[in-house]
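If you use my numbering, the sequence shown closes out at 249, no skipped numbers anywhere.
Glycine is no exception: its CB is placed at the ideal position from the N, C-alpha and C atoms.
This structure is a prediction, so every number in the text was calculated from the model and none was measured.
Written out below as structure tokens is the structure these notes cover.
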Amino acid sequence: MCWIGEREAEPGLVAEVCAHIHRELRQPVRAGFEPERPTEAWDSRRGQYETGVILKWLEARHAGAAKVLGVTDVDLFIPILTFVFGEAQLGGRAAVVSTARLAPRGGAREAERMLATRLRKEALHELGHVYGLVHCGQPGCVMGRSPGVAEIDTKGESFCPDCRLMYDEARGHGR
Ligand SMILES: [Zn+2]
Ligand SMILES: [Zn+2]
């Protein structure tokens, strides 16, 4: 995974996401350094970044990586929605997730913890898509749809047994 945000990366947050992905996907995860930013994804009319462009950019720039997750702090969109928390190439190689709409209001300490929890869930969710997993209706499964932060907060941080099986299968096939 690599940080592609506008502001400086928060090392604690990046480390937490890496640790969670490593724990859940049971694969080595490297926090890579990315000096460039996907500036071509900027849409000045909407004032947001288009995820499709970011995914292509990530894929091209990290051609050597089996999978790549970009983590950013800019606001993301896909053309049919006003915003997205993240997006992934289903069964592909690249995923992106943003903190932009995950930060809650309230006390700094509490808010920081909540943001980290939400980001861990959405990072794993998008990587699940990269491994071909689709949205899941099992209560608590991290692959549940999340149109808003309320849905993120009610779901768990892990795959349900069915999604876990599908993930293991996808990985076994070297996808
Ligand atoms: Zn999804
Ligand atoms: Zn599931």
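Rounded to the nearest angstrom, what separates G246 and R119 at their Cα positions? If I take the Cα positions, the gap works out to 43 angstroms.
Kindly confirm or deny that the region 150-164 and the region 183-190 touch, where touching means at least three C-beta pairs closer than 8 angstroms. They do not touch, by the three-pair rule.
Give every residue of the same chain whose Cβ lies closer than 6 angstroms to the Cβ of E108, excluding the five residues on either side of it in the sequence, and list them in chain order. Same-chain partners within the cutoff: C76 and I78.
Can you grab the Cα-Cα spacing for the pair G86 / C92, in whole Å? One C-alpha to the other measures close to 10 angstroms.
Bounding residues of the beta strand (DSSP E) (the contiguous stretch that carries V142): Start and end: V142 to T146.
Tell me the residue span of the beta strand (DSSP E) that contains A169. Where A169 is concerned, the enclosing beta strand (DSSP E) stretches over A168 to S172.
If A168 sits next to L129, beta carbons under 8 angstroms apart, how far is it from one beta carbon to the other, in whole angstroms? Confirmed, about 4 angstroms.
So for R249, helix, strand or coil by DSSP? With a pLDDT of 49 at R249, under the threshold of 50, the modelled position of this residue cannot be trusted, and the question is left open.
Let me check one thing: in DSSP terms, what residues is A177 bridge-paired to? In the DSSP output, where bridge partners are listed per residue, A177 has none listed.
Relative to the alpha-carbon of E40, which residue among A244, T173, G211 and E133 has its alpha-carbon at the smallest distance? The requested residue 40 is not part of the displayed model; the chain covers only 75 to 249.
What's the gap between the Cα of V216 and the Cα of A134? Each residue's alpha carbon lies about 28 angstroms from the other.
Three-state secondary structure (DSSP) of E108: E108 falls in the coil class under three-state DSSP.
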